[in-house]
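Note that the sequence shown ends on residue 138 in the UniProt record's numbering; no numbers are left out.
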Amino acid sequence: VFDRYPMIDGTFFLSPQAYGENVVQVISDGRLQFINAVCVGCLEGGSDIRCAACKKKWDGSTLLLGTMYSYDIFAAMPCCQKRLTCKHCRRAVVDVNTGLSFYSEYSRMITCPYCKAYDYHFIRPMSDTFVVKQPIWN
Numbered sequence: 001v002f003d004r005y006p007m008i009d010g011t012f013f014l015s016p017q018a019y020g021e022n023v024v025q026v027i028s029d030g031r032l033q034f035i036n037a038v039c040v041g042c043l044e045g046g047s048d049i050r051c052a053a054c055k056k057k058w059d060g061s062t063l064l065l066g067t068m069y070s071y072d073i074f075a076a077m078p079c080c081q082k083r084l085t086c087k088h089c090r091r092a093v094v095d096v097n098t099g100l101s102f103y104s105e106y107s108r109m110i111t112c113p114y115c116k117a118y119d120y121h122f123i124r125p126m127s128d129t130f131v132v133k134q135p136i137w138n
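This is the structure:
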C-alpha cells in the first residue's frame, strides 16, 4: 500500500469534492474522485469542528489512522436533517432517523424525490457544512 499512497498522520478518503488545494485527482470505479486527507489532530478532536446547522461536534475518533476510505467520511456521518437535504430544493432527500444502508451511499449521486435533481446532495464544501475553530494553544 505504501508504494501507492504515502504514509499520513491521519487518514485518506475519496470524494467527488476537493476539500483542499493539495488533493490528488483520480478515477475510481469510473468516477472522478479526489484523494483528501484529515490529520490525526482533527480526527481526535484537536480542532473544534461543528456542524454549521445543529452545532454538534464532528467526531472522527472511530476512523482508523492511515486508512484509505473509498467514500466521503464527512458526508457519511450526517448529524442532522439539514445535512440530508437536496442541494436544489432544500427538502429532505433522506430521513436522518432512517439514513442510508451503507456509508458509501452518501458519496453517490442520488435523485431528490421532490424536484428530481440528480446530484451529490450530501457532499458540500467544508465552509457550507462545518464551522472549524482552531485551538489557540498547540
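Using N, Cα and C, we set each Cβ at its ideal position, and we do this for glycine too.
Only a predicted model underlies this, so the values are computations on that prediction, with no experimental measurement involved.
Minimum C-alpha distance to residue i - residue among the options
i      : options                      : result
Ile73  : Val94, Asp9, Lys133, Leu14   : Leu14
Gly45  : Phe34, Lys57, Cys51, Gln25   : Lys57
Cys80  : Tyr114, Phe130, Thr62        : Phe130
Phe122 : Pro78, Val24, Cys115, Lys116 : Pro78
Cys42  : Phe34, Tyr71, Thr11, Gln25   : Thr11
Same chain, Cβ closer than 8 Å to residue i, neighbours up to 5 away in sequence not counted
i      : result
Asp9   : Cys39, Val40, Leu65
Asp119 : Cys86, Lys87, His88, Met109, Ile110, Cys112
Same chain, Cβ closer than 7 Å to residue i, neighbours up to 5 away in sequence not counted
i      : result
Leu100 : Val94, Tyr106
Neighbourhood of residue i by C-beta distance below 6 Å, restricted to the same chain and skipping five residues each side
i     : result
Lys82 : Ala53
Arg91 : Tyr114
Asp48 : Lys133
Every unbroken beta strand (DSSP E) inside the UniProt domain "Headcase middle" (1-126) [3 residues or more]: 10-15, 24-28, 31-39, 48-51
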